[in-house]
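Peer 1: If you use our numbering, the sequence shown corresponds to residues 341 to 646, in order. Glycine included, every Cβ here is placed at the ideal spot set by N, Cα and C.
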Amino acid sequence: MNIKRRLLNANQRVFHVVTKRKSPEELHALTDSGLNQKSPSMKVNNLIVVCRELRNRNEAAQERVVATELLRLAHGSEKLSYRAMTSALACVADSYVRSGEYEEAVAIRDELVLIEQGRHGPSSPETIDALVRLILDLRRSGNLERVAVLEKQMLDRSIRKSGTSDPITLGLRAQLGADLSELGDYAESTMELEKVADLLDISTADGMKTRIWLAKNRAMERDFVGALGIREEILEERRRVLGPEDRETLTAVEYVAAMHLALGDRERAKDLLQNALASRERLFGDSDPQTKTAKSRLAEHFGPFD
341 MNIKRRLLNA NQRVFHVVTK RKSPEELHAL TDSGLNQKSP SMKVNNLIVV CRELRNRNEA
401 AQERVVATEL LRLAHGSEKL SYRAMTSALA CVADSYVRSG EYEEAVAIRD ELVLIEQGRH
461 GPSSPETIDA LVRLILDLRR SGNLERVAVL EKQMLDRSIR KSGTSDPITL GLRAQLGADL
521 SELGDYAEST MELEKVADLL DISTADGMKT RIWLAKNRAM ERDFVGALGI REEILEERRR
581 VLGPEDRETL TAVEYVAAMH LALGDRERAK DLLQNALASR ERLFGDSDPQ TKTAKSRLAE
641 HFGPFD
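#1: Please name the residue in Gly458, Glu522, Thr504 and Ala634 whose C-alpha comes closest to that of Glu594.
#2: Measure the C-alpha to C-alpha separation of Arg622 and Glu577 and round it to an integer number of angstroms.
#3: Could you give the DSSP three-state label for Pro465: helix, strand or coil?
#4: Who are the Cβ neighbours of Ile388 in its own chain at under 8 Å, not counting the five residues just before and after it?
#5: For Glu572, report the span of its alpha helix (DSSP H) as first-last.
#6: Is the CB-CB distance between Phe523 and Glu532 below 9 Å?
#7: Nearest to Ser529 by CA position, among Thr631, Asp538, Asn557 and Ile552, is which residue?
#8: Give the C-beta separation of Ile570 and Leu554 to the nearest angstrom, bearing in mind that I take them to be a contact with Cβ-Cβ under 8 Å.
#9: Could you check whether Ala445 and Tyr436 sit closer than 9 Å to each other, using their CB atoms as the reference points?
#10: Short of 6 Å in beta carbon distance, which residues of its chain neighbour Ser417, apart from the five on each side in sequence? Order them along the chain.
#11: What do you reckon, are the CB atoms on Met599 and Ala639 nearer than 9 Å?
#12: I'd like to check one pair, Leu510 with Val536: are the Cβ atoms closer than 9 Å?
Right, here's the structure in full:
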């Protein structure tokens, strides 16, 4: 590490300690000192410390003022270092997310992806990290269509780099399949999920996710026999890991019942729903929201249950 970087880090450590004892107004005033004007990167780094400290204190209005100044410096200073600029933009994006301005955050994340890709290449860890953060904010903004587009790009890169059976590739494909199903593209979703279902054990998070979304796809395509088989596999795993009366296990029972009901086996469905409801009432009480939903579902199909 060169001397300039060491001095900058030392300044950051001292400044971080100082911020703990200052009011929001005093914090902001610190960043306007003559010393900081000599170094745009130092001023930006100090502003980032202030912005994060204000965020920790829930001083939203003051944080926004600092974030606005950070954005101005990131876009307006030719002498700003790459690291200071990207850190500033990331801090601003985090502030937008905090205030629920997801579209604004997405615009900054897009900019960061282009910067990292231009500096490090499309498959670099820095670019991938920027893409992941962009996808998170796109989800928050509700733009699932673009999320799926970016996930396909990341999946293609992962396949080229690491192959189809690499754990990262499998996880990306499972998530893409889930998002395609959420978008209503059940055929393409099933195609992606089936490529990983046999490679991911149900005991893993991605393996369970794959089966849950595959079961949904089968049901939406009216393949209730196929959906039932997967739902029973999920139920068996829930019972094994969580026990017979965990909330997730009881939900899995209700999904199995729904498939029996769709196939016309009303007696089996009724028995499963009644048993699940009895467990919910005993464990969580009549006022629990899930208990109320379970009771309403049973009454809807079979009449009141005492």
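Peer 2: Straight from the coordinates:
#1: Among Gly458, Glu522, Thr504 and Ala634, the Cα nearest to that of Glu594 belongs to Ala634.
#2: In a straight line, the C-alpha of Arg622 is about 23 Å away from that of Glu577.
#3: For Pro465, the three-state secondary structure derived from DSSP is helix.
#4: Its chain contains Leu410, Ser427, Ala428 and Cys431 as the residues whose beta carbon lies nearer than 8 Å to that of Ile388, once the 5 sequence neighbours on both sides are disregarded; these appear in chain order.
#5: That run of the alpha helix (DSSP H) goes Phe564 to Leu582.
#6: Reading off the sequence shown, one finds Leu at residue 523, where the question assumed Phe. No, the pair does not count as a contact, with Cβ atoms beyond the cut-off.
#7: Of the candidates Thr631, Asp538, Asn557 and Ile552, the one whose C-alpha sits nearest the C-alpha of Ser529 is Asn557.
#8: Sure, about 6 Å apart at Cβ, within 8 Å.
#9: In this structure, Tyr436 sits near Ala445, with a CB-CB distance shorter than 9 Å.
#10: Pro380, listed in sequence order.
#11: No. Outside cutoff.
#12: Val536 places its beta carbon less than 9 Å from that of Leu510.
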